[in-house]
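Here the structure is laid out as structure tokens; the discussion comes afterwards.
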Amino acid sequence: MTSATKLSLGCIADDYTGASDLANTLTRAGLRTVQTIGVPPDDLALPEVDAVVVSLKSRSIEAGLAVTRSRAAEKWLRGRGAQHVLFKICSTFDSTDAGNIGPVMDALRADSADHIVLVTPAFPETGRTVYQGNLFVGAVPLNESPLKDHPLNPMHDSNLVRVLARQSKTRVGLVDLATLSRGADAVRAKLKDLAAKGIGAAIIDAVFDRDLETIGQVALDHRVSVGASGIGLGLARALVAAGKAKSNAASAMPETAIGGPAACLAGSCSQATLQQIASAEKVMPVLHLDPDRVVAGKDEAQRALGWAKDRLGEGPVLIASSSTPDQVAALQSRHGRDAAGHAIEQAMADIAEGLVQSGVRRLVVAGGETSGAVVDRLRIPGFLVGAEIAAGVPVLRAVGANNGAMLLALKSGNFGGPQFFSDALTLMR
29 MTSATKLSLG CIADDYTGAS DLANTLTRAG LRTVQTIGVP PDDLALPEVD AVVVSLKSRS
89 IEAGLAVTRS RAAEKWLRGR GAQHVLFKIC STFDSTDAGN IGPVMDALRA DSADHIVLVT
149 PAFPETGRTV YQGNLFVGAV PLNESPLKDH PLNPMHDSNL VRVLARQSKT RVGLVDLATL
209 SRGADAVRAK LKDLAAKGIG AAIIDAVFDR DLETIGQVAL DHRVSVGASG IGLGLARALV
269 AAGKAKSNAA SAMPETAIGG PAACLAGSCS QATLQQIASA EKVMPVLHLD PDRVVAGKDE
329 AQRALGWAKD RLGEGPVLIA SSSTPDQVAA LQSRHGRDAA GHAIEQAMAD IAEGLVQSGV
389 RRLVVAGGET SGAVVDRLRI PGFLVGAEIA AGVPVLRAVG ANNGAMLLAL KSGNFGGPQF
449 FSDALTLMR
């Protein structure tokens, strides 16, 4: 990216798969988009684009560190001309009462001098809606969905006004669906009224795709917003409608084929990923890691690499550390939550590194924390965004990587259909 580039939109994502989801959404909406891993170095060569999504692995780290990293990303984006910055969070609002959504929002709001910040994780296309401030996953409230069993950020309250208020120093209000349905000016009036009462953040309902367009229009009046890829879609459509996007090109990624061996790694324990692994077992070799051996420091990664090398010449393979919620809970009880999670992430990163050293150039990774560990280990500074594999999951072409040309797919645990791994490999040629 040249120093003369002026971004139409800057984005900070709190994990890597969420960043890919957002980059995919912006690309589909008409913005040429690049995803970077961390705050990019000034000499990273990127094409001229409309939007940059800075990926941070900050969702589950200490809140103060998440704030520091997010502020650095915002400074970089503002320096490239971004008038509006979206802090991209998970569509299931993954965050404990100790943070990190509230503290980061507070810091970005203070830096931007916004009186009030719009917040919504809604993305109706993927079944995430907000009504009366309550987040629904499909037809059930968040706290009744499988997300209540998330191994790192279990979500036990669907009321986002309460959830955000417990994390933030800012008073939190609500813009309800009735107000939103009356249009952008009604939302602006409601925000003005809330701000006058000392409220600095507002959860806004969204049930239909058209709601996102209204939210996007209003959000652009401000310098910061917080939400999932749905609000990104609204912002992108508003920018295109206002003629503020440089290009409506669908992708900045070249079509050059990569070829070579392919592999899949699954670390997510979501129901969707477990079903996808079961489907993959019908069409490719699958190895399930022994999590107790991983945590105990046994050579499970080397065993997996030996197993994979014997099979890569015959086609794709899948290596999984995924387990059911009951199995995860038992593992954490035996070894501690943090120790178990860290050991498994590092084992998956070891395996990814070994696979790439063995010639793998097409890699599919399922799970946010797993994706973060893998991309960090491979030292990939950024991606160009290509074709959509499933809603929220694009093909990514590595840029600036020491390992040469590579295609990756980074999948949030709950995304994709039953045949996701096969679908991904079909598009990653």
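For the sequence shown, the numbering used here begins at 29 and goes up steadily by one.
Backbone N, C-alpha and C define an ideal beta-carbon position, used for all residues, glycine too.
Beta-carbon separation (whole angstroms), residue i vs residue j, contact threshold 8 Å
i, j, result
"serine 98", "phenylalanine 115", "7 Å"
"glycine 428", "alanine 394", "Not confirmed; about 24 Å, so no contact."
"asparagine 52", "glutamate 416", "6 Å"
"alanine 332", "leucine 315", "6 Å"
"serine 119", "alanine 264", "Not really, about 16 Å apart at Cβ, beyond 8 Å."
"isoleucine 305", "alanine 348", "5 Å"
"aspartate 43", "lysine 85", "6 Å"
"tryptophan 104", "proline 68", "7 Å"
"arginine 137", "valine 252", "6 Å"
"alanine 377", "valine 402", "5 Å"
"alanine 126", "alanine 91", "6 Å"
Residue i, buried or exposed, once every other Cβ within 10 Å from all chains shown has been counted against 16
i, result
"histidine 112", "buried"
"asparagine 276", "Bear in mind that a pLDDT of 49 at asparagine 276, under 50, signals an unreliable position, so the model cannot answer this."
"lysine 439", "buried"
"alanine 217", "exposed"
"valine 323", "buried"
"alanine 270", "exposed"
"tryptophan 335", "exposed"
"glycine 166", "exposed"
"phenylalanine 164", "buried"
"glycine 262", "buried"
"serine 361", "exposed"
"serine 399", "buried"
"arginine 210", "exposed"
"glutamate 397", "buried"
"glutamine 195", "buried"
"valine 168", "exposed"
"leucine 202", "buried"
"leucine 346", "buried"
Between the CA atoms of residue j and residue i - distance to the nearest angstrom
i, j, result
"aspartate 318", "alanine 247", "47 Å"
"alanine 285", "leucine 453", "13 Å"
"cysteine 292", "glycine 46", "18 Å"
"valine 82", "arginine 407", "15 Å"
"isoleucine 40", "alanine 101", "7 Å"
"alanine 278", "methionine 434", "Only weak support exists for where alanine 278 lies, its pLDDT of 49 falling under 50; the value from the coordinates is given anyway. Roughly 20 Å between the two C-alpha positions."
"valine 423", "leucine 59", "16 Å"
"alanine 145", "serine 307", "In the sequence as displayed, the identity of residue 145 is valine instead of alanine. When rounded, the distance between both Cα atoms is 42 Å."
"threonine 124", "alanine 300", "23 Å"
"aspartate 451", "alanine 419", "12 Å"
"aspartate 221", "leucine 267", "26 Å"
"arginine 108", "leucine 192", "30 Å"
"isoleucine 231", "aspartate 338", "52 Å"
"glutamate 381", "methionine 133", "35 Å"
"glycine 458", "glycine 226", "Outside the shown range of the chain, which is 29 to 457, sits residue 458, and nothing can be said about it."
"serine 351", "arginine 365", "14 Å"
"glycine 244", "glycine 66", "25 Å"
"valine 413", "proline 446", "23 Å"
Identified DSSP bridge partners for residue i
i, result
"leucine 436", "Leu391 and Leu424"
"tyrosine 44", "Per DSSP, none; premise fails for tyrosine 44."
"threonine 64", "Val82 and Gly410"
"alanine 230", "Leu146 and Gly201"
"lysine 459", "Since the first and last residues shown for the chain are 29 and 457, residue 459 lies out of range."
"phenylalanine 236", "Paired residue(s): none; phenylalanine 236 is not in a bridge."
"leucine 315", "Ile347"
"valine 168", "Val165"
"phenylalanine 151", "Arg156"
"threonine 124", "Gly127"
Span of the beta strand (DSSP E), counted from its first residue to its last, around residue i
i, result
"phenylalanine 164", "162-165"
"leucine 202", "200-203"
"leucine 346", "345-348"
Delimiting residues of the alpha helix (DSSP H) encompassing residue i
i, result
"lysine 220", "212-224"
"histidine 363", "353-363"
"glutamate 416", "Taken as a continuous stretch (DSSP letters only), glutamate 416 belongs to no alpha helix (DSSP H), being part of the beta strand (DSSP E) at 410-418."
"glycine 334", "328-337"
"arginine 87", "Neither: arginine 87 is in no alpha helix (DSSP H) and is coded neither H nor E."
"leucine 293", "Where leucine 293 is concerned, there is no enclosing alpha helix (DSSP H), although the beta strand (DSSP E) it sits in stretches over 290-294."
"isoleucine 259", "257-269"
"alanine 452", "448-455"
"threonine 157", "No alpha helix (DSSP H) contains threonine 157, which is instead part of the beta strand (DSSP E) from 156-159."
"leucine 192", "188-195"
"arginine 108", "Taken as a continuous stretch (DSSP letters only), arginine 108 belongs to no alpha helix (DSSP H), as it is neither H nor E."
"valine 132", "129-140"
"alanine 308", "299-308"
Closer than 8 Å to chain D by CB, residue i
i, result
"leucine 383", "Looking at the structure shown, chain D is missing, and only one protein chain is on hand."
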